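Read through the structure below, which is laid out as structure tokens, and then see the notes.
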Amino acid sequence: MARLYRSLLFVPGNNPRFLEKAKTSTADIVCFDLEDSVPDPEKKTARDLIKKALQSRGQYSSSVYVRTNSPISGKIPADLQEIIQKGL
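In terms of my numbering, the sequence shown has 43 at position 43, counting the first letter as 1, and numbering is strictly consecutive.
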């Protein structure tokens, strides 16, 4: 049977405080955002912070997802190259 998700929390990937606070979220899904909530000059920092957060994803009580930039932005290759890691 498919799992029913009731709530989704988008977390700006460029905000380390929000990424840390998301560990205690009661949302069904925590989604680290690289797209709309992150200004272009902060994309690299956001990727680095999300990569670090994903390394400790076992500390999150929610399922963890990442929203990459849009396909037409041309930024998906950089997003994936930076955040994909073994076991993900």
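Just so it is clear, CB atoms sit at the ideal spot from N, CA and C, and this is done for glycine as well.
In this text the structure is predicted, and so the values were computed from the model without any measurement.
- The three-state secondary structure of L9, taken from DSSP, is strand.
- Using a Cβ distance threshold of 8 angstroms, D28 and S63 count as a contacting pair.
- Here the alpha carbon of A53 sits roughly 15 angstroms from the alpha carbon of T68.
- Between V11 and V38, the C-beta gap is not smaller than 8 angstroms, which leaves the two residues out of contact.
- Closest by C-alpha distance to G13, out of R57, K51, G74 and S73, is K51.
- Contact annotation: L49 and L19 have beta-carbon atoms nearer than 8 angstroms.
- The beta carbons of S73 and S25 sit no closer together than 8 angstroms.
- For the set L4, K23, D40 and T45, the Cα lying nearest the Cα of N15 is the one of T45.
- About 6 angstroms separates the beta carbon of I83 from that of R47, a gap short enough to meet the 8 angstroms contact definition.
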